[in-house]
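S.K.:
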C-alpha cells in the first residue's frame with residue numbers, strides 16, 4: 001500500500017543527471033542548506049543589497065500577503081534569484097509563515113496536486129497572493145530587481 005501523504009523536504013534522484021534534488025513542499029532551511037543550493041546562497045545572500053526606497057514602499061504594500069516560491073534545486077536561475085528574494089523579504093521582516101517553498105523536478109512537476117492550476121513553465125516563480133487571490137508573479141528573473149518588481153506587482157493591485 002502506497003503512502004500518499006505529503007513528505008516535507010523529500011529528496012529524489014533527478015531522472016536526467018542522477019543527482020539528488022528536493023521535491024514538493026520544503027522548509028526554507030532545507031532549501032538554503034541543500035548541497036546544490038548552499039554555495040550560491042551563502043555567496044549571494046550577504047552580497048545582495050535591496051534598494052532602500054523600494055523596501056520603504058514594500059513595508060506598506062507587503063503586509064498580509066503570502067508568497068509561494070516554486071523552484072528547482074537543480075536550476076541555476078533558482079540558485080541565483082532565491083538569495084536575492086529572501087534577502088529582500090528578510091529586510092521587510094515578513095512573517096515566515098507567509099512563505100511556501102515548493103520544489104519541482106526538471107519537468108516542473110511536484111506531487112499531490114501542489115501545483116494544480118498554477119501553470120508553472122519556468123522556475124523560479126515567485127507568486128504573490130492577497131487572501132488567496134493571485135496578485136502577480138516574478139518568473140525566472142526580475143524585470144528590474146526583486147524588490148522593484150514586487151513594488152510594481154503590489155502597487156497595481
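Numbering (my numbering), first residue to last: 1 to 157.
Note that beta-carbon positions come from the ideal geometry of N, C-alpha and C, so glycine has one too.
Computed from a prediction, not measured in an experiment: that's the story for all the values here.
Reducing DSSP to helix, strand and coil, say where residue 153 ends up.
M.R.: DSSP places residue 153 in helix when its eight states are reduced to three.
S.K.: Taking the alpha-carbon positions, what's the residue 154 to residue 140 distance?
M.R.: 18 Å
S.K.: For the beta strand (DSSP E) containing residue 138, list its first residue and its last residue.
M.R.: 133-139
S.K.: Going by the beta-carbon positions, is the gap between residue 147 and residue 73 smaller than 8 Å?
M.R.: no
S.K.: Is DSSP giving residue 146 helix, strand or coil here?
M.R.: helix
S.K.: Closer than 8 Å is the cut-off here; do at least three beta carbon pairs connect the region 49-64 with the region 101-118?
M.R.: no
S.K.: Taking the beta carbon of residue 149 as the centre, do at least 16 other beta carbons fall within 10 Å, making it buried, or is it exposed?
M.R.: buried
S.K.: Could you say which of 93, 133, 27 and 47 lies nearest to residue 8 if we only look at CA atoms?
M.R.: 27
S.K.: On the three-pair Cβ rule with 8 Å, is the region 62-70 touching the region 118-134?
M.R.: yes
S.K.: Rounding to the nearest angstrom, what Cα-Cα distance links residue 19 and residue 58 in this structure?
M.R.: 38 Å
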